[in-house]
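Remarks on the structure that follows.
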Amino acid sequence: MPVLLAKTSELALLLGRFCLLSSISIIGLVFFSVLIGNMQKYLQYLQSIAVREETMRATKQAAEQWMDNRMLPQDLRARIRRYEQYKWQETKGVEEESLLGNLPRDIRRDIKRHLCFSLLRRVPFFEKMNEQLLDAMCDRLKPVLYSEMSYTIREGDPVEEIVFITQGKLLSCTTNGGSSRLLNCCDLKDGDFFGEELLTWALDPQSSNNNLPNSTTTLQTKTGVKAFSLMADELKVIFTQFRRRHSRILRHTFRYHSLQWRTWAACFIQTAWRRRCRRKLEEKDRVQDAMAKEVGASASLGAITHASKSVINVQSLPPFPLGKPFEPDFAA
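Here the sequence shown stands for residues 1 to 332, where the numbers follow UniProt numbering.
What follows is the structure, encoded as structure tokens:
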């Protein structure tokens, strides 16, 4: 009986050792397979990086050869190299637009909405738009890059797109029609946009790509800039749909943001204020003349003084310079 118990305990001990060794072996195999999988992924990543770097070198070499063939000046070559370097630094050779284009439409729409919806809401023209139109606008936005110290647009150039900044800083300067004495500058940063001249243009039913508005500012990047752009013709299509549904809202928005309407309103207010000042001066002159008569002053002298002041006041009031601006038919 003791011999049987000894053999049973020895068998149980061997079975426990066998289970322990089997567990260790299985866990080791699992860890080894995971390690092999991670190594394969890492090697594939290194291989993809090597392929992209080789592609970048080939592209750079082709660009250098093209610049040599075209005999471009050194400053222009430096700008091209700076842009290509910044593009590689931000994208690592991955074309974002191509990547998004390969995704299903619903995923692409949700990505664009996540990236751009809050940017569109900051534009006053877009505040009253419903989410369906804003989603359509997000779907048409395209990513763009601007390298440091590059001009995105110059004053007087036709505005072909509206750009929403997601990262970077720009310097916006305007000379108010070319007058160097009136130079106004400000900074644009994350969340800002430029190309607002297209907003009133897109609302006008008579506008077309043949009469794009001219830029009122010159924009130069202070750092590298990442942004999304919306082309003029696509903005026109979206605004046409919105215009027919909300003509009354757009009429007030158009008047507020239109440069012609704002200029007309400013001149109208200035003229009304000057007329009010003139009437107050004339009333003051009449009171002074009446007081002069009461104290026995010369009536003829008071009349001459009143007439001369009235003439001066009338001549000092310039005629209203502008007619009422043309307003598009938003219900068309």
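Heads up, the beta-carbon is just placed ideally off N, CA and C, and yes, glycines get one too.
As the structure is a prediction and not an experimental result, all values here were calculated from the model.
Shown here for ALA136: same chain residues with a beta carbon closer than 7 Å to its own, the five before and five after excluded, namely ILE238 in chain order. Across the structure, PHE31 and LYS236 are spaced so that their CA atoms are roughly 59 Å apart.
Along the stretch 130-181, the alpha helix (DSSP H) occurs as fully enclosed runs of 4 or more residues at 131-140, listed in sequence order.
Per the coordinates, the alpha-carbon of ARG154 lies some 20 Å from the alpha-carbon of ARG77.
Contact holds between the stretch 150-168 and the stretch 217-229, because three or more Cβ pairs, one in each stretch, are under 8 Å apart. LEU219 and PHE194 do touch by the CB rule: their CB atoms are close to 6 Å apart, below 8 Å. It is roughly 40 Å from the alpha-carbon of ASP75 to the alpha-carbon of TYR42.
Listed in chain order, the non-local C-beta contacts of THR55 below 7 Å within the same chain comprise GLY93, local neighbours out to five positions each way being set aside. Counting other Cβ atoms within 10 Å of its Cβ, SER147 reaches 16 or more and is therefore classed as buried. Here MET67 has ARG77 as same chain residues with Cβ atoms under 6 Å from its own Cβ, once five neighbours each way along the sequence are excluded.
In this structure PRO158 is in contact with ASN214, their Cβ atoms being roughly 6 Å apart against a cut-off of 8 Å. Rounded to the nearest whole angstrom, the C-alpha separation of CYS277 and LEU212 is 41 Å. For the pair SER150 and ARG81, the CB atoms are not nearer than the 9 Å cut-off. Its Cα nearest to that of LEU100, the residue LEU141 stands out among LEU134, LYS60, LEU141, LYS284. In this structure, the straight-line span from the alpha carbon of GLY156 to that of GLN85 is close to 30 Å. One Cα belongs to LYS280, the other to VAL295, and the distance between them is close to 23 Å.
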